[in-house]
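Chemist: The sequence shown begins at 1 in UniProt numbering and counts up one residue at a time. For each residue, glycine too, the CB sits at the ideal point set by N, CA and C.
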Amino acid sequence: MGVANWGMIWTAIMPLAVILYYFFRKKYKDQRVSSTLFWQERMKELQASPYLKKLQHHLLFYLQLVALIFCVVALIEPFSESETLAGNDFIFIVDTSATMLAGSPTHFEKQQVQMKKLASQAGGKPVTIVTTGVSPEVVIRNEQNVERVEKAIDELAVSYENAEMEQTILFADTLATNDSTIIHIFTDYLDRAILANKTGQSYQVHGFSEKLTNVAIRQLGLSETDNGIRGIVQVVNNSEKTMNATVRLSSGSFEKAVEVKLEAAEELLVPFEALPNHKLWQAELEVSDDYAADNTMATYLAPPVNAIVIDSALHELIASGFRSLALDVSLAEATQLQPDAGLPIVTNQRDLLEATTPILMFGRNDENPFEVTGQIETKPHPLFTYASLDEVYVSQLYPSFENYETIATIDDHPFIQISPKGDIVVLTDIQLTDWPLSPSFPLFLWSAMESLSGDAEFLGFFQPNEHRSVSLASPTGEWGIFRDGAYRHSYIEGNGPFAAPNEPGVYQVVGDEKDMTMIVQLTSQEKELSAGASYAMGQAKAAQDTVRFSFVPFIIGIVLLLVLLEWEVYRRGITTR
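#1: Tell me the DSSP secondary structure of M14 in three-state form.
#2: Under 7 Å Cβ to Cβ from D340, same chain only, skipping five residues before and after it: list those, please.
#3: Does the stretch 500–516 come close enough to the stretch 463–474 that 3 or more CB-CB pairs lie under 8 Å?
#4: Would you check if the stretch 456–467 and the stretch 499–509 touch, i.e. whether three or more CB-CB distances between them fall below 8 Å?
#5: Which residues in the same chain as L352 place their Cβ atom closer than 7 Å to its Cβ, once the five residues preceding and following it in sequence are excluded?
#6: Among residues of its own chain, excluding the 5 on either side of E259, which ones have a beta-carbon nearer than 6 Å to its beta-carbon?
#7: Note down the Cα distance separating F538 from I194, rounded to an integer number of angstroms.
#8: Got a sec? Which residues, its chain only, sit under 7 Å from I69 by beta carbon, not counting five neighbours each side?
#9: Could you round the C-beta distance between E391 and S438 to whole angstroms and report it? I think they count as a contact, below 8 Å.
#10: Please report the straight-line C-alpha distance between V149 and G103, rounded to a whole angstrom.
#11: Taking the straight line between their C-alpha atoms, what separation do you get for F554 and R571?
#12: Inspect the CB distances between the stretch 290–297 and the stretch 324–337 and report whether three or more fall short of 8 Å.
#13: Quick check on K527: buried or exposed, where buried means 16 or more other Cβ atoms within 10 Å of its Cβ?
#14: Just the Cα atoms here: how many angstroms apart are S202 and T96?
#15: Whole beta strand (DSSP E) runs in the stretch 316–388 with 3 or more residues, listed along the chain?
#16: Starting from the C-beta of L275, find all residues in its chain whose C-beta is less than 6 Å away, skip the five residues before and the five after it, and write them out in chain order.
#17: What's the gap between the Cα of I13 and the Cα of L565?
#18: Less than 8 Å separating the beta-carbons of S159 and N403?
#19: Below 8 Å between beta carbons: does that hold for E77 and V559?
#20: Relative to the alpha-carbon of P369, which residue among I430, A387, L383 has its alpha-carbon at the smallest distance?
#21: What is the rounded straight-line gap between the Cα of T406 and the Cα of L443?
#22: Which residues bound the beta strand (DSSP E) around K110?
#23: So is G133 buried or exposed if we call it buried at 16+ other beta carbons inside 10 Å?
#24: Over what stretch of residues does the beta strand (DSSP E) that includes E451 continue unbroken?
#25: Could you have a look at A67 and say whether DSSP puts it in helix, strand or coil?
#26: In this structure, does DSSP put Q544 in helix, strand or coil?
#27: May I ask you to list the residues that DSSP assigns as paired with R148?
#28: Could you give the uninterrupted runs of the beta strand (DSSP E) lying entirely in the stretch 246–304, keeping only those of 3 residues or more?
#29: Tell whether a beta-carbon distance below 8 Å holds between L301 and L220.
#30: Which runs of the alpha helix (DSSP H), 4 residues or longer, sit entirely within the stretch 159–212?
#31: Using C-beta distances below 7 Å, list every residue in its chain close to D64, excluding the 5 sequence neighbours before and after it, in chain order.
#32: Quick check: what's the CA-CA separation for W435 versus P399?
#33: In this structure, does DSSP put residue 592 in helix, strand or coil?
#34: Could you compute how far the alpha carbon of E224 sits from the alpha carbon of S312?
#35: Taking 7 Å as the limit between beta carbons, can you name the residues of its chain near R323, skipping five residues before and five after?
#36: Can you look up E526 in the DSSP assignment and give me helix, strand or coil?
Right under this line is the structure:
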């Protein structure tokens with residue numbers, strides 16, 4: 001506490017001068033009394049306390065005097081000093097990965113308290129907040145209002161994705177304005193090696209040294225056997241003590257549980273035999289640990305999508321297109337194709353459409369083509385989500401199949417059809433079109449592979465907040481994302497890549513005529529807790545140790561309030577003049 005302008009202390013004589021003037025000014029008042037006796041008593045009372053009686057009848061004088069005293073105090077500029085953070089501006093890097101949910105209260109909640117404490121000590125210096133992730137995000141930039149900084153801190157949330165701390169630090173370095181910038185990193189653990197070669201900035205790492213207990217489901221796998229579905233749950237004890245847990249595997253109304261005991265740092269495979277033939281399964285771990293985000297996991301029993309068999313009689317460009325998708329491509333003679341092998345087959349053999357295996361057909365071996373000259377017109381379909389056929393030229397087409405769905409036409413003649421069991425038929429030969437020269441050709445092959453090899457009811461596995469191109473198409477172009485019947489957000493086709501939700505779990509992707517399942521899973525890095533102490537690296541220049549908070553604005557507010565009260569007193573005529 002102190003004052004910045006002692007030279008104005010002489011103005012303190014002003015209130016004293018007003019008081020002296022008020023005491024010695026002449027003032028008369030007519031007063032009627034009924035007898036001399038009462039007059040004598042009145043005079044005795046005034047003589048006993050003359051000055052006090054005068055002051056008691058002058059409320060307006062009191063208010064004016066107090067206002068004048070506050071004006072004198074404001075002129076000497078009183079202030080208070082408090083310690084402030086070292087550095088002239090600050091960058092807060094906030095770890096929003098899933099492991100920040102460990103503990104009770106969580107690491108993230110504790111770091112929010114710490115951030116607000118440091119923000120209050122910043123003393124109005126600029127504060128920038130950056131959240132971690134594959135794409136670091138700037139929440140606020142060079143904000144000097146403490147209330148806005150604290151509000152931004154309160155609105156922060158865990159995103160569950162990997163921190164990618166090294167990448168985020170590099171991004172934060174580009175936001176530093178000078179050598180006096182201090183970068184505060186709020187995380188659970190950060191290896192010193194990441195900052196070892198960074199000499200341009202000063203870093204303050206705020207970590208947690210406490211070691212927490214954690215048991216996690218690392219993997220959940222399903223396989224088909226002669227006795228049904230076999231499931232294996234890999235459970236890992238990342239703690240330094242023995243932990244008891246219950247592993248539950250469920251699908252719909254079916255549930256199976258196994259009691260397990262894990263020693264310190266032990267990994268255990270928990271098998272589940274003779275499970276019913278369901279596709280969607282969820283594993284849950286019931287254990288008393290300090291981190292619950294890795295205690296659940298879901299999986300979907302879907303066919304493999306990494307291999308395909310191509311009829312060697314087809315043009316080589318088809319095989320080249322599939323090889324560009326990093327698939328295992330096998331060439332086979334038409335007589336050697338196995339229609340019940342389970343792998344997708346690319347051919348022009350008409351009789352293979354009756355097989356159970358998925359078929360992608362280019363042309364027909366049982367018909368002759370005819371000439372066409374028009375442009376390709378397509379209907380909304382997942383095959384055309386990324387493969388535009390506007391500039392593709394086709395010279396000849398084969399006759400179409402009856403009772404097949406037509407999704408693309410030329411001159412009103414079917415060009416691409418879908419069979420009732422999901423086979424894809426392209427009614428032309430590759431040598432009759434310039435399609436392989438277009439970028440849409442490998443995109444079409446990729447979409448076709450996804451359609452043939454995948455499950456039409458399963459969209460895929462995603463990491464939290466992962467952005468990925470997916471094959472979706474609906475009449476309106478809008479898809480709703482739901483979890484447990486509750487709406488989360490929407491995806492509009494054509495407005496960038498598909499973004500997975502942040503929180504792990506099982507979601508439903510709902511379109512106009514289609515409903516698919518999507519699973520969001522934690523990465524393996526987010527299933528291991530690490531502990532590390534807080535430390536500092538580097539030294540900031542031009543740092544301040546204290547900050548002043550002036551009382552003048554508050555005093556001015558009090559003076560204005562007193563002036564308002566004086567006006568009200570004067571208006572009501574309370575004072576005696």
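Modeler: Taking the structure as given:
#1: helix
#2: A355, T356, T357
#3: yes
#4: yes
#5: L337, P339, I345, I359
#6: T246
#7: Here residue 538 turns out to be Gly, not Phe, going by the sequence shown. Rounded to whole angstroms, G538 to I194 spans 13 Å at the Cα level.
#8: P15
#9: 6 Å
#10: 25 Å
#11: 26 Å
#12: no
#13: buried
#14: 22 Å
#15: 328–332, 345–347, 359–362, 376–378
#16: G228, I229, G231
#17: 24 Å
#18: no
#19: no
#20: I430
#21: 19 Å
#22: Segment 107–121 is the alpha helix (DSSP H) holding K110; no beta strand (DSSP E) there.
#23: buried
#24: The residue you asked about is not Glu; residue 451 is Ser in the sequence shown. Run containing S451: none in the beta strand (DSSP E); it sits in the alpha helix (DSSP H), 440–453.
#25: helix
#26: Reliability of the predicted coordinates at Q544 is poor, the pLDDT of 48 falling under 50, and the value obtained from them is presented with this limitation in mind. Coil, per DSSP.
#27: DSSP output for R148 lists no bridge partner at all.
#28: 254–262, 267–275, 280–286, 296–300
#29: no
#30: 165–175, 193–196
#31: The amino acid occupying residue 64 in the given sequence is Gln; Asp does not appear at that position. Result list for Q64: E566, in chain order.
#32: 19 Å
#33: Nothing about residue 592 can be reported from this structure: the residues present for the chain run from 1 to 577 only.
#34: 31 Å
#35: V329
#36: helix
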